[in-house]
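Residue numbers (my numbering), protein chains in the order written: chain D, 1 to 139; chain L, 140 to 278; chain A, 279 to 392; chain S, 393 to 506.
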Amino acid sequence: MFSIQLTAKIENMEVLVQSVSSIAGKMGFTAKRIREIELAVEEALVNIINYAYPCGVGDIKITCIQEDSPRAFVIEIEDTGVAFDLLSLKDPDISADLSERQIGGLGIFLIRKLMNDVQYRRKNNRNVLTLVAYPPNET
Amino acid sequence: MFSIQLTAKIENMEVLVQSVSSIAGKMGFTAKRIREIELAVEEALVNIINYAYPCGVGDIKITCIQEDSPRAFVIEIEDTGVAFDLLSLKDPDISADLSERQIGGLGIFLIRKLMNDVQYRRKNNRNVLTLVAYPPNET
Amino acid sequence: MEIVKSGKENNLLVVKVTGRMDAVTAPEFEKQLTAWIDEGEIVFVIDFSMLEYISSAGLRSILVIAKKLKSVNGKIFLANMEESVNEVFEISGFNSIIPIFDTVQAAVRHGIAS
Amino acid sequence: MEIVKSGKENNLLVVKVTGRMDAVTAPEFEKQLTAWIDEGEIVFVIDFSMLEYISSAGLRSILVIAKKLKSVNGKIFLANMEESVNEVFEISGFNSIIPIFDTVQAAVRHGIAS
Ligand SMILES: Nc1ncnc2c1ncn2[C@@H]1O[C@H](COP(=O)(O)OP(=O)(O)O)[C@@H](O)[C@H]1O
Ligand SMILES: Nc1ncnc2c1ncn2[C@@H]1O[C@H](COP(=O)(O)OP(=O)(O)O)[C@@H](O)[C@H]1O
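As structure tokens, then:
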């Protein structure tokens, strides 16, 4: 298990994302899959930075857990900002044409499409977002 | 046209709702339909009071418009709080049983079910929610 | 809103709610019912004959209480709703997760038998 | 991120974007393209051969620009994306709202003909 906590500022994003991807590297994910995990984590972090703390600053805490049976890479992203359940949002209509296509909503959509599983819970005034990726089978 | 603007506080709710329903009364809605309109407006106002101004206070502005051809009662509810498009939310799963049933999301669901039409737009830093009810045919 | 104990049959508590269950008052309902649950009451019949109005905040409180009761093997039954209140229960699908009866008597009979 | 004019054919402007289009840099893209549109450019080929990374913020800016161009009867074509960038376009359905070409040449040919 690995855990890191930093102020929710754009300057801290790279450190946070890099810490996740270095652990993903150890779990045997392909370079492509690591890029996808990075993108999903970045989208979640950007949202916390942009929306979770409208009245000031707060922290982001990331915990990475390597689970066995079934093998899973679990990333927990926590904040103490406004309650927000990303699973309550509709998917954007990706078949809409240019003039009908709505702006926004793609960050959460990418998270859901790129991760194998996404969960949300509210726990003592904290938002806990859980992103799960299944590593390739060991042979 | 009628317009009223007040601080987004629970104490002002009754005045705001009453002003809408007194106009609805003049448009020939039944008592039942007026109660439904009141409920939808109240849900929208509670959300603005609870969520739109996390860092302080702001205003709610309500404009009622009586349209002809087709006859429509149009209620515009504006705030200058955080951007929020209620149409981006999934409907709650109303067939879930007690243990699976999620808490929350019913306010917006009621608004959508009770009104004949619901629109949202963002206009110069303001959220503009438009609720439409069709009055009974005049005979 | 007013919440009063209006009767007790065996282990079943009848509670009468008067007025409005809205964003302001629903938390009181939740708090009072939670207090009674903490005192050991686990079967409730809620008499809604005098409930004039319910909003999503009222539904939310009822759901919270129903879930709490389920976790202690308790039960909640609703009775005697006005038509406008009943409409809100129907739209939100609450009529299929919480048993609703036409009269307090029917709810009590059912509550004691169950 | 770096955005440079890398060519002009007839009324078509070729723009090369290098680096990352993310929450920090995408607004620059939007601002620069908007400035060029305001100067009267309305047909763009964006050379993404050196684009390493795109996030939803990048997609958002591209959509804003594409809508802006549509409103002035302009056009935007994308060319030469890396596989990882292309994947993001596919997932989000952007490949069906904005024409994407394998090479800048193909995009330019198409842009001039259209
Ligand atoms: N952590 C958060 N806290 C509060 N609101 C959020 C959060 N993340 C996202 N949102 C809301 O969800 C919407 C959709 O987010 P997203 O899919 O990332 O797209 P975008 O940010 O481009 O609109 C945002 O516009 C915002 O209103
Ligand atoms: N005006 C608003 N501004 C920001 N967020 C809002 C607003 N209205 C609603 N929300 C968000 O949408 C969610 C669903 O609202 P609603 O359906 O009224 O149910 P509830 O308030 O019981 O959760 C809220 O929990 C809140 O996160």
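Even for Gly, the Cβ is constructed at its ideal location relative to N, Cα and C.
Closest residue to G243 of chain L among D:N116, D:A83, D:D93 (Cα-Cα distance)
The shortest C-alpha separation from G243 of chain L is found at D:A83.
Among D:A133, D:S95, D:A72, the one whose alpha carbon lies nearest that of N116 of chain D:
Closest option to N116 of chain D, Cα to Cα, is D:A133.
How many angstroms separate the CA atom of S463 of chain S from the CA atom of I429 of chain S?
Taking the straight line joining both Cα atoms gives about 11 Å.
What I want to know is whether the C-beta of N186 of chain L ends up closer than 6 Å to one or more non-hydrogen atoms of ligand 2.
True, at least one ligand heavy atom lies under 6 Å from that Cβ.
Using a beta-carbon distance cut-off of less than 9 Å, what residues from the stretch 465-485 of chain S approach chain D?
For the stretch 465-485 of chain S, the set of residues with a beta-carbon nearer than 9 Å to any beta-carbon of chain D comprises E475, S476, E479, V480, I483, S484, G485, in chain order.
What is the C-beta distance between D218 of chain L and G195 of chain L, in whole angstroms, given that I count them as a contact (C-beta under 8 Å)?
That belief does not hold up - the Cβ atoms of D218 of chain L and G195 of chain L are roughly 13 Å apart, past 8 Å.
What do you reckon, is the C-beta of F486 of chain S under 6 Å from a heavy atom of ligand 2?
Set against 6 Å, the gap from the CB of F486 of chain S to the closest heavy atom of ligand 2 is not smaller.
Which partner residues of K283 of chain A appear in the DSSP bridge assignment?
Secondary-structure assignment with DSSP links K283 of chain A through a beta bridge to A:V293.
Nonlocal neighbours in the same chain, by C-beta distance under 8 Å from R122 of chain D, ignoring five residues either side
Exclusion of the five residues before and after R122 of chain D leaves A83, D85, V128 as the residues of its chain whose Cβ lies within less than 8 Å of its Cβ.
Does the count of Cβ pairs from the stretch 355-375 of chain A and the stretch 227-238 of chain L closer than 8 Å reach three?
Touching, per the Cβ criterion.
K229 of chain L: first and last residue of the uninterrupted alpha helix (DSSP H) it sits in
Run containing K229 of chain L: none; DSSP gives neither H nor E here.
Less than 7 Å between the beta carbons of L356 of chain A and I376 of chain A, yes or no?
Yes, the pair counts as a contact, with Cβ atoms nearer than the cut-off.
Give me the subset of the stretch 206-232 of chain L whose CB atoms are less than 7 Å from a CB atom of chain D, sorted by chain position.
Result list: V221, S227, L228, K229.
Nearest residue (CA-CA) to L311 of chain A, options A:V292, A:V382, A:D300, A:G297:
Measuring from the Cα of L311 of chain A, the nearest candidate turns out to be A:V292.
Proximity below 7 Å, CB of L6 of chain D to CB of L45 of chain D:
Their beta carbons are not under 7 Å apart, which means L6 of chain D does not touch L45 of chain D by this criterion.
Helix, strand or coil for D79 of chain D, going by three-state DSSP, please let me know.
D79 of chain D carries a strand assignment under DSSP once its states are collapsed to helix, strand and coil.
Do you know how far the Cα of L178 of chain L is from the Cα of R298 of chain A?
C-alpha separation (whole angstroms): 12 Å.
Give a yes or no on whether 7 Å exceeds the smallest Cβ distance from K460 of chain S to chain D.
So no, K460 of chain S is outside the interface.
Alpha carbon to alpha carbon, what distance is there between P54 of chain D and V323 of chain A?
Their backbone Cα atoms lie some 43 Å apart in a straight line.
Express the C-alpha separation of N358 of chain A and A384 of chain A in angstroms, rounding to a whole number.
Rounded to whole angstroms, A384 of chain A to N358 of chain A spans 10 Å at the Cα level.
If you count every other CB in all the chains shown that lies within 10 Å of the CB of M140 of chain L, and 16 or more means buried, which is it?
Exposed: under 16 other Cβ atoms inside 10 Å.
Counted within 10 angstroms of its Cβ, other Cβ atoms place T303 of chain A as buried (16 or more) or exposed
With 16 or more Cβ atoms within 10 Å of its Cβ, T303 of chain A is classed as buried.
Assuming E181 of chain L contacts D300 of chain A (C-beta within less than 8 Å), just tell me the rounded distance between them.
Contact annotation, E181 of chain L with D300 of chain A: C-beta distance approximately 7 Å; criterion of less than 8 Å satisfied.
Within the 7 Å Cβ cut-off, does A418 of chain S reach chain D?
Chain D places no beta carbon closer than 7 Å to that of A418 of chain S, leaving this residue out of the contacts.
Out of A:I354, A:S362, A:V363, A:N364, point me to the one whose CA is closest to H388 of chain A's CA.
The candidate whose alpha carbon is nearest that of H388 of chain A is A:I354.
Pick from D:S88, D:I77, D:I49: whose alpha carbon is nearest that of S19 of chain D?
Nearest of D:S88, D:I77, D:I49 to S19 of chain D, Cα basis: D:I77.
Would a C-beta distance cut-off of 7 Å place V366 of chain A and I332 of chain A closer than the cut-off?
If you check the CB distance, V366 of chain A and I332 of chain A come in under 7 Å.
Within 10 Å of its beta-carbon, does P305 of chain A have 16 or more other beta-carbons around it, so buried, or fewer, so exposed?
With fewer than 16 neighbouring CB atoms inside 10 Å of its own CB, P305 of chain A falls in the exposed class.
Listed from N- to C-terminal order along the chain, which residues in the stretch 231-247 of chain L have their beta-carbon within a distance smaller than 7 Å of any beta-carbon of chain D?
Cβ contacts with chain D come from G244.
I'd like to know whether the C-beta of I272 of chain A is nearer than 7 Å to at least one C-beta of chain L.
This structure leaves residue 272 of chain A out entirely; chain A is present only between 279 and 392.
Contact list for I60 of chain D against chain S, beta-carbon separation under 9 Å:
Result: empty, since nearest Cβ-Cβ is about 14 Å, beyond 9 Å.
May I ask you to check if the CB of A72 of chain D is nearer than 6 Å to at least one heavy atom of ligand 1?
A72 of chain D Cβ: outside cutoff for every heavy atom of ligand 1.
Within its chain, find whatever has a CB closer than 6 Å to the CB of G220 of chain L; leave out the 5 residues flanking it on each side and keep chain order.
If the five residues before and after G220 of chain L are omitted, its C-beta is found closer than 6 Å to the C-beta atoms of A191, Y192, G197, all from its own chain and listed in chain order.
Anyone know if the C-beta pair for E308 of chain A and V363 of chain A falls short of 7 Å?
No, the Cβ-Cβ distance between E308 of chain A and V363 of chain A is not below 7 Å.
So with Cβ pairs under 7 Å, would you call P275 of chain L a contact of chain D?
Not one chain D Cβ lies under 7 Å of P275 of chain L.
Status (buried if at least 16 other CB within 10 Å, exposed otherwise) for A96 of chain D
Result: exposed.
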